[in-house]
Amino acid sequence: MSDGARRARAIRAMVVSHMRASYREPGGLFWTYGFPILLSLVLGLAFRSRAPEAPRVAVVGAEAPVVAEKITRGGEVVAKVEARDVAERALRTGKIDAMVITEGPAVEYRFDPTRPEARLAKALADHELQKASGADPKVATKDTIVTEVGARYIDFLWPGLLGLGLMSTGLWGIGFSLADMRAKKLLRRIVATPMRRSDFLASFLLVRVVLLLVEIPPLLIFGRLFFSISVRGSPLALVLTLLLGALLFASMGLLLASRSQNPQIVSGLINVVSFPMYLGSGVFFSASRFPPAVEPFLRVLPLTALNDALRGIVTDGAGLSEVHRPLLYLLAWNVVVFALAVRLFKFR
Amino acid sequence: MIANDVPAVHTRGLVKIYDDTVAVAGLDLTVARGECFGLLGPNGAGKTTTVEILEGLVDRSGGTVEIFGRTWEADERWLREQVGVSFQTTHLQEKLTVREILELFRAFFLEGKPVAQVLEEVRLVEKADARYETLSGGQKQRVAVACALVGRPALLFLDEPTTGLDPQSRRALWDVVHTFREAGGTVLLTTHYMDEAEKLCDRVAIVDHGKIIASGTPAELVAQIGAKEVVTVRLAPRDDTSDDATVETARGSLVEALEGALGVVSVRREPDALAMTVRELHDSLPALLAILAARGESILGLTTHRATLEDVFIELTGRQLRE
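As given, the protein sequences belong to chains A and B, one line each in that order. Following the numbering used here, the numbering of the first sequence begins with -17 at its first residue and continues without gaps. Following the numbering used here, the numbering of the second sequence begins with 66 at its first residue and continues without gaps.
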């Protein structure tokens, strides 16, 4: 048997063992499939596009029934006649958005202008009241309602969850399992065989690539079925992006597990590394929500680049040429992290 | 290829220093091809460190190590094919079955043994498809040894292969060693079970504080302490009212008297008992009994056994092995 063939045989055996071990671990399956699906379901429901709720106002005073009827006529505002003290309490506790007082010559609107809903309620109520009282519109207008796939929160969230999934499966799947192997002296046991150490490390990266092929399609299908999210951009660019992301976080797992004898320390390191990306890399909300001073730091994070590329491809229909910058950036991260991991990794 | 005239293991002046503790303090060892050699000693004697240096897994602080005439520095890749190792404790992949684990290890070696054959040797055929996590301690240890065997090594390192195992697993592992040696293999094992060393090893070395304090065949070592038999006498506590110091003085003078008796090599005090190593039972026993009777000691029990490596160790170090 040639040396190449026997090395390939050893690597293949390692990959098969990792795969078996990971699919026999129910927890692993949950973090791979259950977590992103559950998270997207929960967040997708919470932030789903729904019919806008009509503002609520309370009308008080002598003219209350007439005025309330006029405000309600257009169907844009819900108006109810209330006793004054009841209405005031409702306004204080936010149960209504504005109070309409019909005493004296002018109709009085009582509302908090710092609350956008309150201003909306006042404006709409006033508009409806004027219209029902016979005021003519000065300019003719018409409404066109827009709810387009691609502009919803879930469209923003979904590519970010793919990126987040790559990060956590890479860091935990590789980093923690290596730390565990080191603690159990299994690492050392494997070093005591003729398997090359570099081949051993390579087998971990290979496992991530193989698992990627298994992990991603169900998630894409789920996104399609439940949220009608389809990949609008180049499939090649998507595959390349996922590959670079998966390899990067696998190498990062190797790096974080390269020295420590204690799995607790490694899991601490993984948390320290992943937490800033969890919040700052635009998984749940755009990185541009942070103050401008912080943004350059968030741009440095590899998950930010990965999410930008994924979002570009999935949502904006980008091709390879449009996402080449984040991809090159990810490639650079890959080279640096892998080189460091191989250099620092201790088998003892 | 392995040259015929080189020893399997050859080390001179082996030293290992961890920070401020000396784990191995100048150890010389030669294991011939086809031999089963045992390193004996209490926990912390430096046995495991020595073995791990010989396995090429721990760097030494000084001395030379040759395995089949080669060094780990120059020929690691070749040596890894020749050497099978089993650690004191190994945790293999919990979720894999015994067969899958062995197939994995088999894949690392250029030449190996069929997995089915190894399963048979370690008597785990019926557990072949059980997951590692479901096995008992003894079965797990046999899997670890099987992982060492599946590469068809010429030299097998077994670090405390039977510590804490049930009798059935112990016997199974002893059989594994016999089978391996019948096929011409060399074994270096560590143990703190004297019976194991006597049963398995052609030669043994007693290690204490990182040094070899005695070596030879088990029979030679026993002969070296100049005694063949050990007499253990259990004495009744003295029911007089004298204080502890007086009792202590009485016991001390009793031991002195016994040490002077015919053919007695040494006397050791154990809790509630005295153990006397003697050359010939028929010479010493009457004399010992006479002394005890003259001093009014009443004997609760008396046993004798042929001197073992355990007695050699106690004789040399003044300590029990399993401390």
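Note that the Cβ used here is the ideal one computed from N, Cα and C, for glycine as well.
C-beta neighbour in chain B for residue i, strict 8 Å
i         : result
A/Met177  : yes
A/Ser185  : no
A/Arg190  : no
A/Val173  : yes
A/Ala239  : no
A/Glu7    : yes
A/Arg164  : no
A/Ser(-1) : yes
A/Leu11   : no
A/Lys359  : What the structure shows of chain A is the stretch from -17 to 330, and residue 359 of chain A is not part of that stretch, so it cannot be assessed.
Candidates the options: closest to residue i by CA position
i        : options                                : result
A/Leu102 : A/Leu139, A/Asp137, A/Val324, A/Glu35  : A/Glu35
B/Thr115 : B/Ala88, B/Pro107, B/Leu200, B/Arg135  : B/Ala88
B/Arg77  : B/Glu263, B/Val130, B/Asp85            : B/Val130
A/Gly262 : A/Gln246, A/Gln243, A/Leu288           : A/Leu288
A/Val282 : A/Met259, A/Val49, A/Asp162            : A/Met259
A/Ala286 : A/Gly145, A/Ile(-7), A/Arg6, A/Ala61   : The amino acid at residue 286 of chain A is misidentified as Ala; the sequence shows Thr. The residue with the shortest Cα to Cα distance from A/Thr286 is A/Gly145.
B/Ala326 : B/Glu313, B/Glu335, B/Met341           : B/Met341
A/Ala88  : A/Asp108, A/Glu99, A/Tyr15             : A/Asp108
B/Phe102 : B/Ala270, B/Val298, B/Pro336           : B/Ala270
A/Pro98  : A/Gly86, A/Gln112, A/Ile78, A/Ser115   : A/Ile78
B/Leu357 : B/Val343, B/Glu335, B/Thr373, B/Glu321 : B/Glu321
B/Arg217 : B/Asp194, B/Thr228, B/Val150           : B/Val150
B/Asp194 : B/Gln206, B/Gly202, B/Val180           : B/Val180
B/Asp231 : B/Gly202, B/Lys81, B/Glu380, B/Leu254  : B/Gly202
A/Gly57  : A/Val39, A/Val265, A/Leu194, A/Ala28   : A/Val39
Residue burial classification, residue i (beta-carbon count within 10 angstroms, cutoff 16)
i        : result
A/Ser249 : buried
A/Gly142 : buried
A/Phe186 : buried
B/Asp224 : buried
A/Leu292 : buried
B/Tyr83  : exposed
B/Gln233 : exposed
B/Ser331 : buried
B/Phe108 : The residue asked about is misnamed: residue 108 of chain B is Asn in this sequence, not Phe. With fewer than 16 other Cβ atoms within 10 Å, it is exposed.
B/Gln158 : buried
Min CB distance residue i to chain A below 8 Å
i        : result
B/Arg142 : yes
B/Ala172 : yes
B/Arg164 : no
B/His370 : no
B/Gly111 : no
B/Arg145 : yes
B/Thr228 : no
B/Lys178 : no
B/Glu388 : Because the pLDDT of B/Glu388 is 47, which lies under 50, any placement of that residue in the model is unreliable, and the question is left without a value.
B/Thr156 : Residue identity differs from the one stated: residue 156 of chain B is His in this sequence, not Thr. For B/His156, the answer is yes, since a Cβ of chain A falls inside 8 Å of its Cβ.
B/Lys81  : no
B/Leu254 : no
Three-way DSSP call (helix, strand, coil) for residue i in this model
i        : result
B/Asp309 : helix
B/Gly91  : strand
A/Ser159 : helix
A/Lys351 : For residue 351 of chain A there is no data in the structure shown, the boundaries of chain A being -17 and 330.
B/Glu388 : Confidence at B/Glu388 is low in this model, with a pLDDT of 47, below 50, so the placement of that residue should be treated as unreliable; the coordinate-derived value is given next. The answer is coil: DSSP assigns B/Glu388 none of H, G, I, E or B.
A/Ser180 : helix
A/Ile83  : strand
B/His257 : coil
B/Leu122 : coil
B/Asp224 : strand
A/Arg134 : coil
B/Glu285 : helix
B/Thr244 : helix
B/Ser280 : strand
Alpha helix (DSSP H) segment containing residue i, residue limits
i        : result
A/Phe320 : 306 to 326
A/Met1   : -15 to 5
A/Tyr260 : 245 to 262
Residue range of the beta strand (DSSP E) that includes residue i
i        : result
A/Arg38  : 38 to 43
B/Gly361 : No beta strand (DSSP E) holds B/Gly361; DSSP gives it neither H nor E.
B/Arg299 : 294 to 300
B/Ser331 : 329 to 335
B/Glu131 : 127 to 132
B/Gly103 : 101 to 105
B/Val148 : 148 to 151
B/His75  : 74 to 83
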